[in-house]
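*Asks:*
4 protein chains.
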Amino acid sequence: MSALKNVKKVVLAYSGGLDTSIILKWLQTEMNAEVVTFTADLGQGDELEPARKKAEMMGIREIYIEDVREEFISDFVFPMFRANAVYEGVYLLGTSIARPLISKRLIEIAEETGADAIAHGATGKGNDQVRFELSAYALNPDIKIIAPWRDWSFKSRTDLIEFAEKYQIPIPKDKRGEAPFSVDANMLHSSSEGKVLEDPWDEPPAYVYQRTISPEEAPDTATEIEIEFSRGDPIALNGETLSPATLFARLNDYGRDNGVGRLDLVENRFVGMKSRGVYETPGGTILLTAHRAIESITLDRGAAHLKDELMPRYAELIYNGFWFSPERSMLQAAIDLSQESVEGKVRLKLYKGNVIVTGRESAKTLYSDQLVTFEDDQGAYDQKDAAGFIKLNALRLRTLASRDR
Amino acid sequence: MSALKNVKKVVLAYSGGLDTSIILKWLQTEMNAEVVTFTADLGQGDELEPARKKAEMMGIREIYIEDVREEFISDFVFPMFRANAVYEGVYLLGTSIARPLISKRLIEIAEETGADAIAHGATGKGNDQVRFELSAYALNPDIKIIAPWRDWSFKSRTDLIEFAEKYQIPIPKDKRGEAPFSVDANMLHSSSEGKVLEDPWDEPPAYVYQRTISPEEAPDTATEIEIEFSRGDPIALNGETLSPATLFARLNDYGRDNGVGRLDLVENRFVGMKSRGVYETPGGTILLTAHRAIESITLDRGAAHLKDELMPRYAELIYNGFWFSPERSMLQAAIDLSQESVEGKVRLKLYKGNVIVTGRESAKTLYSDQLVTFEDDQGAYDQKDAAGFIKLNALRLRTLASRDR
Amino acid sequence: MSALKNVKKVVLAYSGGLDTSIILKWLQTEMNAEVVTFTADLGQGDELEPARKKAEMMGIREIYIEDVREEFISDFVFPMFRANAVYEGVYLLGTSIARPLISKRLIEIAEETGADAIAHGATGKGNDQVRFELSAYALNPDIKIIAPWRDWSFKSRTDLIEFAEKYQIPIPKDKRGEAPFSVDANMLHSSSEGKVLEDPWDEPPAYVYQRTISPEEAPDTATEIEIEFSRGDPIALNGETLSPATLFARLNDYGRDNGVGRLDLVENRFVGMKSRGVYETPGGTILLTAHRAIESITLDRGAAHLKDELMPRYAELIYNGFWFSPERSMLQAAIDLSQESVEGKVRLKLYKGNVIVTGRESAKTLYSDQLVTFEDDQGAYDQKDAAGFIKLNALRLRTLASRDR
Amino acid sequence: MSALKNVKKVVLAYSGGLDTSIILKWLQTEMNAEVVTFTADLGQGDELEPARKKAEMMGIREIYIEDVREEFISDFVFPMFRANAVYEGVYLLGTSIARPLISKRLIEIAEETGADAIAHGATGKGNDQVRFELSAYALNPDIKIIAPWRDWSFKSRTDLIEFAEKYQIPIPKDKRGEAPFSVDANMLHSSSEGKVLEDPWDEPPAYVYQRTISPEEAPDTATEIEIEFSRGDPIALNGETLSPATLFARLNDYGRDNGVGRLDLVENRFVGMKSRGVYETPGGTILLTAHRAIESITLDRGAAHLKDELMPRYAELIYNGFWFSPERSMLQAAIDLSQESVEGKVRLKLYKGNVIVTGRESAKTLYSDQLVTFEDDQGAYDQKDAAGFIKLNALRLRTLASRDR
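Line by line, the protein sequences are chains D, B, G and Z.
At position 5 of the first sequence (counting the first as 1) the number is 5 in UniProt numbering, and the numbers step up by one without a gap.
At position 374 of the second sequence (counting the first as 1) the number is 374 in UniProt numbering, and the numbers step up by one without a gap.
At position 77 of the third sequence (counting the first as 1) the number is 77 in UniProt numbering, and the numbers step up by one without a gap.
At position 40 of the fourth sequence (counting the first as 1) the number is 40 in UniProt numbering, and the numbers step up by one without a gap.
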């Protein structure tokens, strides 16, 4: 902390909400720092202009408000989906993947504005502090980082509210007490954690869900969609070429309307404890299924199996906050190379929570009647070859069995 | 083939169907071999007594008909599910896991009956020949293996039918022509492949499905079940302790009735080509979700992540036929050790194809309010620790960034 | 620190040297704690009785002095060598593997003596603090751990010396200033680090080497030895069955006398920086070569390659201090299973730093003329099989090449 | 074989020796094929002009004789050494890495000359047939491949000699009987296998060594060399910038003269059996040590550890013949990315078989006094941080220990 005492100017990741408004004021009053705010539209669904007004009200002169949705989807989400990344078998990394982008802009803005520090609103028990800070340090080794939730002396929600009142920060009625659960959201997902969700034996109450209807509420007839891929990324939906964020937003709509992408899990945090969360990833859930389907006909077995073996490590790196690390870049280079011919169309049926592949085709298919026919004719597949194939694969096992008899 | 000319007595994996009846007769007439039949009840859903009668009619004196369902589930299926094994992201290995058990019994029966060979009805283009034969060689390095589909001189279905007629093998009407698709089934799953399924762009016709109703046909209200685990295996369902096969059969019923476990995929065969299949794994799909859920609260992160990294390799070994290999045994030893405290209950909601976790609890939970409270009180989690944790994790990235500036 | 203020009784890993004597006194005077000393003979080559006298002089009533060499070699070193564990391609983990044993005894002694804390003399920049503490916490989650080098207020060597003088702790002449390098030693290795070794472009001065002569000084004629293994561990040397520590001591002698096992490296510490060290592992270097040689004839390829793929992770776990972790135990279970038939003899030539395998034989060999002959006769290896083997392995590559033309 | 009957024109990998001369004649007489010869200088140490004369004598009109040493070192050997590739802990893949280059040229020449087939002289029990053929198929899926050792009807050496005499192929005296061992050589290594080396308990006779003197014969004083790297590859030796093959040839000279690079091993072949070989890799052994040393100061830990984990798979791919596979390319992409800043100098001492690193330095070093000092000053390393780092790393282990008490 002591090094932080000398901070002069700090770029704050500012949502406009109560908590980051308190942080803003605390940075001004307790740290005597000039504050620059950065508010990003990551597709979380909030209006951004109120954040500008609040910042102005608190005397901020340098206010950055940016729509980074296209960058988020094309430079972070899509590369991650090329890897079919899933953490602990189920989690699509919706929160994890947004943090490096925010840190990248915080660092860039710090350089533009001559700030010597950045600040974020993540708590000291979670993963997000790690993700923000590792990303920031990897991009600027000399940056100072303020994490008020770890650094300030408030002991309770009451202390915070008193501080807010003292500085006339507006307090929405429902924010006076502790929230029944906390939410993080961006275009890829929303997560809900805490309080009413703390007992993993209790089913989450319906009101925690933010952006999907339940499978039960979804229509009784299936919706069919068609996604087209190029180099491993979706480029068109139902025949219409779309920008990454536009396409992803439509996938979200399809998912939401069909009850797709709800997940209730207990996960292992990088900081060492288990936590329970409820996640909604409507578009991502569709995309993962579609991507695996287009890979299934265009990706060679060797490449596919190597990808599957590398994936858990890759997902763990993103979860733990190592997006800007040499090892993530190395894995990305391998993954991206594999995607060169991952192109074509996937047809899907969405029905009450299900994402069902009903067809896939590609000019680059490795599965093809024509090829099969060609191979038979040319002797590419002689069933007699299988005997030799098996014999040599068995040789070491037979040697072993002979010894062990 | 020449070595096979001298075969005297052969144990045939005999289903009682037309194809293996032709093989039986071919072994008798063309190979001049005495035949022992082995017919296993793996839960495929066929009557076994007809197989006995047909074998007797063809003059077989040593007829083995066995119900191996409990062994199948407890010694093959459950160990595999401890690993959360999934091949290429989606396939639950339903066919693959049954083959080693059949080979094991074929080899044991060969030893009991003094047979010098075994025979199976798998074709020369598929994976099953590999799985049967690698397993057999690993258990008896000197066994001779006859794979008639690779070895005989029949060129077409017509040739086969003529041979059957010549030897008065009864031919069901619907077997005269080629089947519109071929089926393999056991308690874990059924698979459908070939012909009408060959174009991966075409949705599978409804009639290929064998053991599940569609999500659309499933009830409009969810069914709730509760599975109890001990040492990584399910031991009770809705509070009732059940034998492995009995429990699994009930899971299959629940899955079937709720449209759970259908899968349409293109996979990479070990013999080198891609194939398209439609699989139904109702109980297995439920079990996989439940097992991951109970692991989520009872398995340490280090163990869980190691398991996730080892899984693709483990699944590939089973898919490729290496169940009886040192490397599968090594991985199993690691996996089994991890399961010692994987116990407790999972509550699930089954609804029109969805398997939704709604609760998990365990006496061995690593997630617990009490623990959390203990840690706070005892200083087990000091938010200040996070700062040091991040700093040291960031150190190498900062050093790198300093260099690369 | 504050939680540590209440420590009542602490078990200190005590070498008897100046630094841990200062720590002992600091614990008594500044922490007001009763101190229990634990001094282990790990084969580091120091007399232990002086440690007892010093402890007695400082008023210690509970003094544990133990020869743990057999336990160290049989329960820590040998299991690790079964894995052929090497960190970053070169380091045999000599320091890393001793720490968990020390922590285990510290925790056991704490329980025997009713101590609520343990203390160690590792600094705050190194790996050993992590290894000591992770091991201790894994064995007793409630233990308090005092790491004086991190916790006290001394700023310099001068401060330490003053404190020692104040409490009449004897100060060897050569310990008044900072040492030209620091040493850690146990039966497996000695390491030298710091000061004169800090520039990685400078060759280490000859005087840093503790327990080997240089290759140049070694005899001009080779020494031949023969090591016998059982279940992956060495059990006899030159025909003489020996206890683990006795055998290992002899290997150390052979290595030392032949200039074997010196290593000058730059390694990556778990705490995030690179450090340069000079290590000497005479017996371990011989053992690693011999173990790989006996495995080369007794271990199946599948097991051997799986071991090679798991090894870097296994070595990293030990290096980072996770000996007592579920994932290390899982890997150990896999590795140990592979060693069941790793038995037989290896003949080696030691010559001026070289360890040269000149022969290996085993009753469990998988390489054998007899087997080869058997296989030829029985048609186990038909060269024609190779054609089929290659054809099917090539199939996917040909399909890919056809597509990409 | 039957498909091969129609071969019209075949490119033969032709050494000019007796065996490939017999193959050449056999292709002409028994296969009625026009033959194109390809003789490559891979640094094996043979004169190539005699091969031209023999080919001309046998009526060959299209004779390709090429010096491919630079391509071999820069496009195959160096990329492989970037990975620190070692097969089964010891083998530097000297034979394996040469095969894909030969196949590549065979395929290119086939396309240039309108040949429909290629032929090689590898036997049916070895790995090289696999490597040649997988590479060829990956580059031209329609190529026909003739492997005379698998395909012809000769039963014994006598048959071959008779055939040679019938067609007046000159037979060197020492080639009438079977050789006491067989040799493969290229610039990276020479290998010796078979006959006198078949018993792995017997030390190899001195006369099998081709290109190194023994450590005993090497000079009594050490030789010091300095290798400079750029992007992971050596570019200069003792201050002199050299082409890849020239530099490598000098490393070979240094290795040979100092008894460096001998290896006697038992390895696992891809075709299923164990074999014993004696390999000499003088320059490669030096290069591996030097490359690891320059990486030790320039490669980040995350990148280094990922490389170590991927290496066994990468080495296995090359050993098994999958150089031209998507998965090898993916791994190469990851590895190459890691090498961008692997530059600087390594100083080595060569002494009687030892390769001893005595210094490493780099403008891109991640180890540096200056950095260390900078970090201390800026608070980059606060020893207090270590406490938090350990606490959070320990948290899951403590939770586990609490549960398991």
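Cβ coordinates follow ideal geometry from the N, Cα and C atoms, glycine included.
Because the structure is a prediction, the values reported are computed rather than measured.
Quick one: using the 10 Å Cβ neighbour count with 16 as the cut-off for buried, is Tyr137/D buried or exposed?
*Replies:* That one is buried.
*Asks:* My assumption, with CB atoms under 8 Å, is that Ile297/G sits in contact with Gly359/G. Please give the rounded CB distance.
*Replies:* With a Cβ gap of about 10 Å, Ile297/G and Gly359/G do not count as contacting.
*Asks:* Does the beta carbon of Val404/D come closer than 9 Å to any beta carbon on chain G?
*Replies:* The residue asked about is misnamed: residue 404/D is Asp in this sequence, not Val. True, the Cβ-Cβ gap to chain G drops below 9 Å.
*Asks:* Going by Cα to Cα distance, which pick from Pro326/B, Glu193/B, Ile73/B, Asp220/B is closest to Thr123/B?
*Replies:* Considering only alpha carbons, the answer is Glu193/B.
*Asks:* Using DSSP's beta-bridge definition, name the partner residues of Asn354/B.
*Replies:* Tyr351/B, per the DSSP bridge assignment.
*Asks:* Just to confirm, are Ala387/G and Asp385/D a CB contact at a threshold of 9 Å?
*Replies:* Cβ atoms of Ala387/G and Asp385/D: closer than 9 Å.
*Asks:* Go through its chain and collect everything with a Cβ distance to Asp300/B's Cβ below 7 Å, but skip five positions before and after it.
*Replies:* Around Asp300/B: Leu366.
*Asks:* So, do the region 323–338 of chain D and the region 321–340 of chain Z have three or more beta carbon pairs nearer to each other than 8 Å?
*Replies:* With a cut-off of 8 Å, the region 321–340 of chain Z and the region 323–338 of chain D count as touching, because enough Cβ pairs lie within range.
*Asks:* Please decide whether Ala386/G counts as near chain D, where near means a Cβ-Cβ distance under 9 Å.
*Replies:* Yes, its Cβ sits closer than 9 Å to a Cβ of chain D.
*Asks:* What do you get for Arg276/G, buried or exposed, if any count of 16 or more other CB atoms within 10 angstroms of its CB means buried?
*Replies:* Arg276/G comes out buried.
*Asks:* Please report the straight-line C-alpha distance between Pro312/Z and His305/D, rounded to a whole angstrom.
*Replies:* So the alpha carbons of these two residues sit roughly 16 Å apart.
*Asks:* How about Arg211/G and Gly16/G: are their beta carbons less than 9 Å apart?
*Replies:* Going by C-beta atoms, Arg211/G is not nearer than 9 Å to Gly16/G.
*Asks:* Note down the Cα distance separating Glu49/Z from Lys173/Z, rounded to an integer number of angstroms.
*Replies:* Spanning the two alpha carbons is a distance of roughly 21 Å.
*Asks:* Counting only Cβ pairs nearer than 9 Å, list the residues of chain D close to Asp300/G.
*Replies:* Going along chain D in sequence order, the residues near Asp300/G (Cβ under 9 Å) are Arg396, Leu397, Thr399, Leu400.
*Asks:* Using beta carbons (cut-off 9 Å, strictly below), is Lys9/G in contact with chain Z?
*Replies:* Not an interface residue.
*Asks:* So, do the region 319–327 of chain G and the region 316–324 of chain B have three or more beta carbon pairs nearer to each other than 8 Å?
*Replies:* Cβ pair count under 8 Å is below three, so no.
*Asks:* Work out the CA separation of Asn393/Z and Val271/G for me, nearest whole Å.
*Replies:* In a straight line, the C-alpha of Val271/G is about 11 Å away from that of Asn393/Z.
*Asks:* Can you give the beta carbon distance from Arg69/B to Ala245/B, rounded, assuming they're within the 8 Å contact cut?
*Replies:* That pair is a contact at about 4 Å.
*Asks:* Who pairs with Glu66/G in a beta bridge, going by DSSP?
*Replies:* Note: Glu66/G sits in a beta bridge opposite Ala40/G.
*Asks:* With the cut-off set at 9 Å, would you say Glu228/D and Gly239/D are in Cβ contact?
*Replies:* Yes, they are a contact pair.
*Asks:* At a CB-CB cut-off below 8 Å, which residues of chain Z make contact with Arg360/G?
*Replies:* Pro200, Trp201, Val266, listed in chain order.
*Asks:* Measuring alpha carbon to alpha carbon, tell me which of Ser230/G, Trp26/G, Lys8/G, Val35/G ends up nearest Asp116/G.
*Replies:* Comparing Cα-Cα distances from Asp116/G to each of Ser230/G, Trp26/G, Lys8/G, Val35/G, the minimum goes to Lys8/G.
*Asks:* Report buried or exposed for Ala51/G, applying the criterion of at least 16 other Cβ atoms within 10 angstroms of its Cβ.
*Replies:* Under this definition Ala51/G is a buried residue.
*Asks:* Across which residues does DSSP place Asn268/Z in a beta bridge pair?
*Replies:* In the DSSP output, where bridge partners are listed per residue, Asn268/Z has Lys274/Z.
*Asks:* With a threshold of 8 Å on Cβ separation, who are the neighbours of Thr399/D within its own chain once the five nearest residues in sequence on each side are excluded?
*Replies:* Answer for Thr399/D: no residue qualifies.
*Asks:* Does the CB of Lys307/D have a neighbour CB from chain Z at under 9 Å?
*Replies:* At least one chain Z Cβ lies under 9 Å of Lys307/D.
*Asks:* Step through the CB atoms of chain D and report whether any lies within less than 9 Å of the CB of Phe72/G.
*Replies:* So no, Phe72/G is outside the interface.
*Asks:* What separation, rounded to the nearest whole angstrom, lies between the Cα atoms of Leu27/G and Ile118/G?
*Replies:* In a straight line, the C-alpha of Leu27/G is about 11 Å away from that of Ile118/G.
*Asks:* With a CB to CB cut of under 6 Å and the five nearest residues on each side skipped, what residues in its chain are close to Tyr351/B?
*Replies:* Taken in chain order, the residues that qualify are Ala222.
*Asks:* Is the region 35–43 of chain D touching the region 138–151 of chain D, taking contact as three or more C-beta pairs under 8 Å?
*Replies:* With a cut-off of 8 Å, the region 138–151 of chain D and the region 35–43 of chain D do not count as touching, because too few Cβ pairs lie within range.
*Asks:* Can you tell me whether Ile171/Z is helix, strand or coil according to DSSP?
*Replies:* It is coil, neither helix nor strand.
*Asks:* Quick check on Asp257/Z: does DSSP put it in helix, strand or coil?
*Replies:* Note: Asp257/Z maps to helix in three-state DSSP.
*Asks:* Does Asn393/Z come within less than 9 Å of chain B when only Cβ atoms are used?
*Replies:* True, the Cβ-Cβ gap to chain B drops below 9 Å.
*Asks:* In angstroms with no decimal places, state the Cα-to-Cα distance between Val260/B and Ala363/D.
*Replies:* So the two alpha carbons sit approximately 32 Å from each other.
*Asks:* What does the Cβ neighbour count give for Glu111/D, buried or exposed, with the cut at 16 atoms within 10 Å?
*Replies:* Answer is exposed; the Cβ neighbour count stays below 16.
*Asks:* Quick one: which unbroken alpha helix (DSSP H) runs of 4-plus residues sit fully inside the region 119–165 of chain G? Chain order, please.
*Replies:* Counting only runs of 4 or more, we get 128–139, 148–151.
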